[in-house]
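Residue numbering for the sequence shown is 40 to 440, as defined by my numbering.
Note that the Cβ used here is the ideal one computed from N, Cα and C, for glycine as well.
Source: prediction; values computed, not measured.
Read the structure below first, then the notes.
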Amino acid sequence: MSNKVNRPVSGASMGSDIDVLKANRTKLTVDLSAIRRNVDFARELHPHSKVMPVIKCNAYGVGAEQIAHDLQKHGVDAFGVENIYEALCLRKSGVTLPIVVLDGCVPENIDAALDEDLIAGIASIELLKEYDKAASKKKKKVKVWLYYNCGLNRSGYSDLDEFSNFVQLSSEMDNVIVECIYSQLSDSHNDFDFTLTQVENYKSAISVAKKVYGEQLETSLYASHGIISKVGNVDSNWIRPGLMLFGENCFSANMSDEIRASALNLIPALNLESRLVHKVKIKEDTTFSYTQHNKVRKGETLGTVSIGYGSGLFPNGGDDYFMYDQTQLPLKNSAIGMDFSQVQIPSGCDIPLYSWVTIFGGKNEHRKSLRDFSISMKISPYALLTSLKVAREYKNGLLNE
Ligand SMILES: Cc1ncc(COP(=O)(O)O)c(C=O)c1O
């Protein structure tokens, strides 16, 4: 394993020596070559589409700059982020590809978007007018993607007349260039038929928009689960992979075997590991960790692993296990504390002190997916990943190896 530790892009900025010290306890290893292969898999499934990796929220906590630079070199077509601040961080770090600010952001930040030639994702007439006004003042044109609400109901117009009015208005603005219509499915990991109804809504919205802008207007619908499941067989100009970049998915058992088998082509890119820092041999039946909920028997051995909610691991009520080599170390979720988690060390498991223990990731048939871990921790993989505050180590990059 490489010793290269990259500094976190956001959050506390530390010297690299200090990062190494941090990584000696707990680290998320990110295999950039696996991320590139997952992009290639998305491309194979949608050979006519351009690829816009979505690296919002610091690439789901994994490291937006490192991933963006690697994928820029790998030949993706654009990046999607959530807000202008994230986009500017990427620009400052040297990312030159188009960046779509998926949430459009707030009016006060628009000047910065125009200065850096960002593309604004816009869901409301109010924000569209603000962009038009700001672009006019700067004597610039702003490129926008218009959002259609096909059922997520987080933003945008779902009513076709309202959406049509939105599109019509955009076409009457002097300083706005509409490049693309995009939408986001809400349950494509779980409900095929329900998703089909959203796809039908989306198709109606696209035909409304194309009546105004013509056939050359670009379109985008699928994020990870749509890319893999291809619900409704939408052939759009752009696909927007997020979670699948990391080799992960959330398909439920409701989805067909074929779709879930397709997801097996993803290559796991993440490994979360921490060190066993204490072993406690129990002398009599008693309890462990705070309060008296966790019972332990005389003769058992407990292990203390240096990851807790200070590193983003939350006790949510489920129980799981960490892995040492091929051995499961049962974890009492209620024994997750601020800076530690306590596991039971099975008899016969001779784990040396300071060994690395796998929280998720690992190799081959003993691999534990982020998805399975987050299910047992009763948290979504998105929430778990973005919560992690641990050192990150990047390997197999195109730029730094
Ligand atoms: C508009 C949009 N597109 C794409 C994505 C990527 O989603 P996923 O991680 O499920 O691929 C997101 C994620 O939040 C999003 O908001």
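Cα-Cα separation between residue i and residue j, rounded to whole angstroms
i, j, result
"aspartate 116", "isoleucine 94", "13 Å"
"glycine 347", "glycine 281", "26 Å"
"glycine 387", "glutamate 297", "41 Å"
"asparagine 310", "tyrosine 363", "13 Å"
"glutamate 312", "phenylalanine 285", "16 Å"
"alanine 152", "proline 369", "49 Å"
"valine 90", "serine 132", "21 Å"
"glutamine 381", "leucine 191", "39 Å"
"aspartate 378", "serine 345", "6 Å"
"leucine 315", "proline 391", "8 Å"
"serine 268", "serine 227", "8 Å"
"alanine 422", "alanine 174", "36 Å"
"lysine 180", "alanine 103", "27 Å"
"glycine 119", "valine 183", "13 Å"
"cysteine 498", "serine 259", "Any answer about residue 498 is impossible in this case: the structure gives the chain only from 40 up to 440."
"threonine 234", "leucine 409", "25 Å"
"valine 145", "aspartate 154", "15 Å"
"proline 307", "leucine 67", "13 Å"
"isoleucine 216", "glutamine 383", "60 Å"
"lysine 177", "asparagine 214", "10 Å"
"serine 394", "valine 319", "15 Å"
"glutamine 365", "histidine 405", "6 Å"
"threonine 325", "asparagine 304", "46 Å"
"tryptophan 277", "isoleucine 398", "34 Å"
"leucine 185", "serine 225", "18 Å"
"tyrosine 261", "glutamine 367", "37 Å"
"aspartate 389", "glutamate 323", "21 Å"
"aspartate 142", "leucine 166", "10 Å"
"serine 301", "serine 295", "10 Å"
"threonine 330", "glutamate 121", "41 Å"
"glycine 50", "asparagine 403", "Unreliable positioning characterises glycine 50 in this predicted model, as indicated by a pLDDT of 38, which lies under 50. A coordinate reading is not provided."
"glutamate 125", "glycine 401", "31 Å"
"glutamate 201", "proline 420", "35 Å"
"serine 81", "asparagine 272", "The question names serine, but residue 81 in the sequence shown is alanine. When rounded, the distance between both Cα atoms is 14 Å."
"asparagine 328", "proline 92", "A small fix is needed here, since residue 328 is serine in this sequence, not asparagine. The straight-line gap from Cα to Cα measures roughly 42 Å."
8 Å CB neighbourhood of residue i in its chain, flanking five on each side removed
i, result
"asparagine 435", "Asp70, Leu71, Ser72, Ala73"
"lysine 249", "Leu256"
Cutoff 6 Å; reference residue i; Cβ partners in own chain excluding five residues on either side
i, result
"threonine 425", "Cys96, Tyr99, Gly100"
"serine 194", "Ala162"
"arginine 299", "Phe290"
"arginine 75", "His113"
"serine 450", "This structure cannot speak to residue 450, because the chain is shown only from 40 to 440."
"serine 52", "Its pLDDT being 43, under 50, serine 52 is placed unreliably in this model, and the coordinates cannot settle the point."
"methionine 40", "At methionine 40, the pLDDT of 38 sits below 50, so the modelled position is not reliable; the number obtained from the coordinates is stated separately. None."
"arginine 130", "Glu155"
"glutamine 223", "Leu191"
"aspartate 56", "none"
"glutamate 254", "none"
"serine 203", "Val247"
"histidine 317", "Thr343"
"histidine 332", "Ser373"
Integer-rounded CB distance, given that residue j should sit under 8 Å from residue i
i, j, result
"tyrosine 221", "glycine 160", "7 Å"
"leucine 84", "isoleucine 266", "6 Å"
"isoleucine 123", "leucine 157", "6 Å"
"valine 134", "histidine 108", "7 Å"
"valine 78", "leucine 110", "6 Å"
"phenylalanine 361", "valine 396", "5 Å"
"leucine 437", "glycine 351", "That pair is no contact at about 28 Å."
"isoleucine 321", "lysine 334", "The Cβ separation is near 10 Å, so there is no contact."
"asparagine 293", "asparagine 229", "6 Å"
Neighbourhood of residue i by C-beta distance below 7 Å, restricted to the same chain and skipping five residues each side
i, result
"serine 263", "Pro280, Gly281, Leu282, Met283, Asn288"
"leucine 199", "Ser243, Ala244, Val247"
"isoleucine 164", "Phe205, Leu208"
"histidine 87", "Asp274"
"arginine 64", "Ser313, Arg314, Ser345"
"valine 270", "Ser227, Phe231, Thr234, Leu235, Val238"
"proline 137", "Ala117, Ile158"
Closer than 8 Å: residue i CB and nearest ligand 3 heavy atom
i, result
"asparagine 148", "Looking for ligand 3 in the displayed structure turns up nothing; the ligands present are ligand 1."
Is there contact here, the stretch 374–385 with the stretch 331–344, by at least three beta-carbon pairs under 8 Å? yes
Count the C-beta pairs between the stretch 350–368 and the stretch 409–423 that are closer than 8 Å, then say yes if the count reaches three, no if not. yes
Using a Cβ distance threshold of 8 Å, determine whether the stretch 164–175 contacts the stretch 143–152, with at least three qualifying pairs required. yes
When a residue counts only if its C-beta is closer than 5 Å to some heavy atom of ligand 1, which residues count, in chain order? The answer, residue by residue, is Val93, Leu141, Gln223, Ala262, Ser263, Arg279, Gly281, Leu282.
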